[in-house]
Amino acid sequence: DGFNGWPEKGPFDGIVVTAAPKIIPAPLKDQLKIGGIMVIPVGTQDKWQTLKKIRRISETSFEEDDVMTVRFVPFTGTSQ
12 DGFNGWPEKG PFDGIVVTAA PKIIPAPLKD QLKIGGIMVI PVGTQDKWQT
62 LKKIRRISET SFEEDDVMTV RFVPFTGTSQ
């Protein structure tokens with residue numbers, strides 16, 4: 012289940028997610044280093060999703076940009 016990431020190996024400079032969760036998983040955001048970037052498609056299976064670029068600015072703040080409209084397979088798992 013990728014929703015919780017890999018906290019034992021973090022923090023990470025970058026995270027690339029190749030399936031679309033309905034929401035941005037907070038555990039993945041928490042595993043970014045300050046200055047780190049995550050690219051993730053977000054949305055439901057029945058609609059187009061939005062590819063987002065998330066950059067960690069500080070311990071508590073993130074910058075989020077919508078990059079483009081995409082279609083990815085759904086993110087599955089017990090946490091989704």
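Using our numbering, the first residue of the sequence shown is number 12, and each one after it goes up by one.
The beta-carbon is built from N, C-alpha and C at its ideal position, and this holds for glycine as well.
Taking the beta strand (DSSP E) that residue i falls in, what are its first and last residues?
i: residue 24; result: 23–27
i: residue 76; result: 73–81
Taking Cβ positions, are residue i and residue j nearer each other than 7 angstroms?
i: residue 83; j: residue 52; result: yes
i: residue 50; j: residue 64; result: yes
i: residue 56; j: residue 85; result: yes
i: residue 88; j: residue 12; result: yes
Output needed for residue i: all residues of its chain with C-beta closer than 6 angstroms, excluding positions within five of it in sequence on either side, in chain order.
i: residue 66; result: 48 and 74
i: residue 38; result: 15 and 16
For the alpha helix (DSSP H) containing residue i, list its first residue and its last residue.
i: residue 64; result: Unbroken run through residue 64 is the beta strand (DSSP E), 60–67; no alpha helix (DSSP H).
Within its chain, find whatever has a CB closer than 8 angstroms to the CB of residue i; leave out the 5 residues flanking it on each side and keep chain order.
i: residue 60; result: 31, 52, 53, 54, 80, 81, 82 and 83
With 16 as the cutoff for other CB atoms within 10 Å, does residue i come out buried or exposed?
i: residue 25; result: exposed
i: residue 27; result: exposed
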